[in-house]
Amino acid sequence: MRANRLWSWLFIALGIVYFALPLIGTLEFSLKLRRGAYSLDAYWAVLGDPRFQQTFMYSVLMALATIVVGVLLVVPTAYWVRLKLPRWRPFMEFITLLPLVIPPIVIVFGYIRLYNTSSWLPLTGSAMGTNVLLMFGYVVLALPYMYRAVDTGLRAIDVTTLTEAAQSLGAGWVTILSRVILPNVAVAVLSGAFLTFAIVIGEFVMAALLSRPAFGPYMQLLGANRAYEPAALAVIAFAITWACMALIQVVSRFAPKPPEQLH
Amino acid sequence: MADPFLSIQHVEKSFGSTRVVQDFNLDVKAGEFVSFLGPSGCGKTTVLRMVAGFEEPSAGAIVVGGKDITRLRPNQRNIGMVFQAYALFPNLTVAQNIGFGLKVAGASRADIDKRVTEMLALISLPQMADRYPYQLSGGQQQRIALARALAPKPKLLLLDEPLSALDAKVRVSLREEIRAIQKSLGITTVFVTHDQEEALSISDRIAVMYGGRAEQVGTPFEIYNRPQTKFVANFVGTLNVLEGTVTDAAAGKVGVDGGELVLKDRLGGARNGDKLSLALRPEAISLGPQPGRDTRLAGEISEVHFLGSVIRVRVGVGGRTVSLDTFNNPASPPPAVGEKAEISFSSGDLLVLS
Numbered sequence: 001m002r003a004n005r006l007w008s009w010l011f012i013a014l015g016i017v018y019f020a021l022p023l024i025g026t027l028e029f030s031l032k033l034r035r036g037a038y039s040l041d042a043y044w045a046v047l048g049d050p051r052f053q054q055t056f057m058y059s060v061l062m063a064l065a066t067i068v069v070g071v072l073l074v075v076p077t078a079y080w081v082r083l084k085l086p087r088w089r090p091f092m093e094f095i096t097l098l099p100l101v102i103p104p105i106v107i108v109f110g111y112i113r114l115y116n117t118s119s120w121l122p123l124t125g126s127a128m129g130t131n132v133l134l135m136f137g138y139v140v141l142a143l144p145y146m147y148r149a150v151d152t153g154l155r156a157i158d159v160t161t162l163t164e165a166a167q168s169l170g171a172g173w174v175t176i177l178s179r180v181i182l183p184n185v186a187v188a189v190l191s192g193a194f195l196t197f198a199i200v201i202g203e204f205v206m207a208a209l210l211s212r213p214a215f216g217p218y219m220q221l222l223g224a225n226r227a228y229e230p231a232a233l234a235v236i237a238f239a240i241t242w243a244c245m246a247l248i249q250v251v252s253r254f255a256p257k258p259p260e261q262l263h
Numbered sequence: 264m265a266d267p268f269l270s271i272q273h274v275e276k277s278f279g280s281t282r283v284v285q286d287f288n289l290d291v292k293a294g295e296f297v298s299f300l301g302p303s304g305c306g307k308t309t310v311l312r313m314v315a316g317f318e319e320p321s322a323g324a325i326v327v328g329g330k331d332i333t334r335l336r337p338n339q340r341n342i343g344m345v346f347q348a349y350a351l352f353p354n355l356t357v358a359q360n361i362g363f364g365l366k367v368a369g370a371s372r373a374d375i376d377k378r379v380t381e382m383l384a385l386i387s388l389p390q391m392a393d394r395y396p397y398q399l400s401g402g403q404q405q406r407i408a409l410a411r412a413l414a415p416k417p418k419l420l421l422l423d424e425p426l427s428a429l430d431a432k433v434r435v436s437l438r439e440e441i442r443a444i445q446k447s448l449g450i451t452t453v454f455v456t457h458d459q460e461e462a463l464s465i466s467d468r469i470a471v472m473y474g475g476r477a478e479q480v481g482t483p484f485e486i487y488n489r490p491q492t493k494f495v496a497n498f499v500g501t502l503n504v505l506e507g508t509v510t511d512a513a514a515g516k517v518g519v520d521g522g523e524l525v526l527k528d529r530l531g532g533a534r535n536g537d538k539l540s541l542a543l544r545p546e547a548i549s550l551g552p553q554p555g556r557d558t559r560l561a562g563e564i565s566e567v568h569f570l571g572s573v574i575r576v577r578v579g580v581g582g583r584t585v586s587l588d589t590f591n592n593p594a595s596p597p598p599a600v601g602e603k604a605e606i607s608f609s610s611g612d613l614l615v616l617s
């Protein structure tokens, strides 16, 4: 028993070292820009760089647009599949898993072939068109996470009965979705939204190949030309991701509690 | 029936190749409380859901207040519904739940508040307005669900096994409350249940359903005392069924387990040698001779079940066992298993089943 516990602690310690050591190393390195002393100079350099601000804001806006479009696409779809087409669930599971199987580079080359300037819908012909294309690409990348988060949220409520109760009270589909379903899966939607945010902020392949000024390509560019600043940027990116994860935990505390069914 | 408020006319419903409702007909008067009673899978909930608009009939028509609503969407019918699973919106407070239908209809804030207060008073939960559903017991949730269904003043109220998820004591008090509220509002109500005691205790009429059809529609008294089919007789209450053979049709004599019963003018067109099913309620049988009970059969006590106020005794008579109920008498012990006993009943209490 005692030996078992010892082994457990040993493996936990190994795990912590495996995950934490590179982070500690990166953090320590990012603080060494000033010779002979720890300082935040690398962070100030990164945060003061106008390209950081531009690319970060661009990616934030893209993430917000991706979240809005993703929610508008996924919530009604997942709701309808649960309500009316339960037999389609395995098919939907398969479709929404495809972005994990197909590499982003394949998707983006497909986009470029389909929507180039000589195609029937020349989205890559303008900056706005390319932004729209990139945003849809991000929606596809985030689909596995957003769909699962929403579907899990829908599983926690009695979708059919709540829908029928709202219908019997005179509500139409828009009212049911906006006032009954969405508020009850809001936490799940927010979880999906934070995951989407974290994915979009760090995405490189699509933004680089579509030549958009996003945060991912900026990180790559900085990494190729500087020493300490990329380490500071990596720590900042980790902090953003962790902040998203922490927010998921915080908002889940405000979820509407399901009522007791039996007394 | 002159001008029924709800008329279900030749309604049928099939799911694929399975017909779950067959030629269902029922007229309900305004202000009447009608229950659909039957075992699981008999089609009672499907009929209710067709009235609510959640299922579309394969054939037939549903008319409410003279208007054919068969093809109307559920949100266009103005029919209130209470569900077995309560179905309160978890993200809304009690007051917001009750006011939901009025808000959807575009009522003013003041009107909604006034109606919510009225409804909370009606269900005797005036202090619960700001609570959330998870803060309420099952009985309280179902009362809120009832208030929510009634708040928009629906034409018709549908109750889909609303008491099934509650414990026994709450069920009894809530069913009495539902009936009192229904009477005070005079709202036409259809109630679905598989619990015969529930249906018998609160309904004006009961439609006993089996195999997608209404086997019998009648008052609780008629359903219990004059069942028209073997299924109704067996499903509603406990019943002793005796198989007999007509020995003298002209004199109304039927042979049962070696004895002979006289059923004058109740054999219909039966002829000598015809087989008949005769039914008798346990409370219509006495242990030992009783004045006014003209038929006696000898047997042996095989089982005794003490049920509190009532003792159910099973007596082997001929080749079958007959159940009878006697009131508990604290002054005398219940009969013992194995004792010889004589049972008596009035042949007038025998039901001849079709």
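Protein sequences, first through last, are from chains A and B. If you count by my numbering, then the first sequence holds residues 1 to 263, one letter each, in order. If you count by my numbering, then the second sequence holds residues 264 to 617, one letter each, in order. No residue lacks a Cβ here, since even glycine has one placed at the ideal position from N, Cα and C.
Going by the CB atoms, is the gap between residue j and residue i shorter than 7 Å?
i	j	result
B/A322	B/T333	no
B/D458	B/L311	no
B/A462	B/L351	no
B/L526	B/G515	yes
A/V205	A/M62	no
B/G507	B/V499	no
B/T589	B/L550	yes
A/R51	A/L134	no
B/L587	B/V600	no
A/I102	A/T196	no
B/F454	B/E478	no
A/T241	A/A198	yes
So with CB distances below 7 Å, who are the chain B contacts of residue i?
i	result
A/T152	Simply none; closest approach about 16 Å.
A/P183	N354
A/V187	Per Cβ cutoff of 7 Å: no residues; A/V187 is ~10 Å from chain B at best.
A/V180	F352
Under 9 Å between beta-carbons, which chain B residues line up against residue i? List them in chain order, please.
i	result
A/A78	Those within 9 Å of A/A78 in chain B number zero; the least Cβ separation is about 18 Å.
Can you pull the chain A residues whose beta carbon is under 7 Å from the beta carbon of residue i, in chain order?
i	result
B/P267	Within chain A, no residue comes near B/P267; the closest Cβ sits about 22 Å away, beyond 7 Å.
B/I619	In the structure displayed, chain B extends from 264 to 617; residue 619 of chain B sits before or after that span and is not available.
B/N338	Q167, G170, A171 and G172
Apart from the five residues just before and just after residue i, which ones in its own chain have a Cβ nearer than 6 Å to its Cβ?
i	result
B/I386	R406 and A410
B/L560	G522, V580 and I606
A/I248	S191 and F194
B/V379	A358, I361 and G362
B/P490	A496
B/S427	Q347
B/M391	V357
A/Y38	L31
Kindly list, in the order they appear in chain A, the residues whose Cβ is closer than 9 Å to that of residue i.
i	result
B/F454	Here the premise fails: no neighbours, minimum Cβ distance about 15 Å.
Check the Cβ of residue i against every Cβ in chain A and list those closer than 8 Å, keeping chain order.
i	result
B/F317	E164 and Q167
Note down, in chain order, each residue of its chain lying with its Cβ closer than 8 Å to the Cβ of residue i, except the 5 sequence neighbours on either side.
i	result
A/Q261	With a pLDDT of 45 at A/Q261, under the threshold of 50, the modelled position of that residue is not reliable, and the figure given next carries that caveat. Within the same chain, A/Q261 has no close Cβ partners at all.
A/P86	none
A/V159	Y79, R82, L83 and I181
Who are the Cβ neighbours of residue i in its own chain at under 7 Å, not counting the five residues just before and after it?
i	result
A/H263	The predicted model places A/H263 with a pLDDT of 38, which falls under 50 and marks its position as unreliable; any figure quoted below should be read in that light. Closer than 7 Å at Cβ, skipping near neighbours: no residue.
A/A232	S30, A42, Y43 and V46
A/S59	V200, I201, A214 and F215
Quick test of your reading: residue i and residue j, contact by CB under 8 Å. State the CB separation rounded to the nearest angstrom.
i	j	result
A/T124	A/I112	6 Å
B/K307	B/M472	5 Å
B/S595	B/R556	Contact flag wrong, Cβ pair sits at about 20 Å.
B/T356	B/Y395	6 Å
B/F346	B/T452	Actually they do not touch by this definition, with Cβ atoms about 15 Å apart.
A/E203	A/L141	7 Å
B/R534	B/A512	5 Å
B/Q404	B/Y487	That belief does not hold up - the Cβ atoms of B/Q404 and B/Y487 are roughly 32 Å apart, past 8 Å.
B/P545	B/V567	That pair is no contact at about 13 Å.
B/C305	B/G475	7 Å
A/V74	A/L209	With a Cβ gap of about 25 Å, A/V74 and A/L209 do not count as contacting.
TODO: Could you list the residues in the segment 141-175 of chain A with a C-beta less than 8 Å from some C-beta on chain B, going in chain order?
DONE: I157, D158, T161, L162, E164, A165, A166, Q167, S168, L169, G170, A171, G172 and T175
TODO: Taking a Cβ distance cut-off of 7 Å, strictly less, list which residues of the segment 92-106 of chain A are near chain B, in chain order.
DONE: none
Task: Under 7 Å (Cβ pairs) to chain A, residues found in the segment 350-371 of chain B - done: A350, L351, F352, P353, N354, F363, G364, V367 and A368
Task: Short-range partners of chain A found in the segment 272-287 of chain B, where Cβ spacing is below 9 Å - done: none
Open item on the list: Closer than 9 Å between beta carbons: that is the criterion. Which residues of the segment 414-429 of chain B meet it against chain A?
Closed with: A414, P415, P417, L421, A428 and L429
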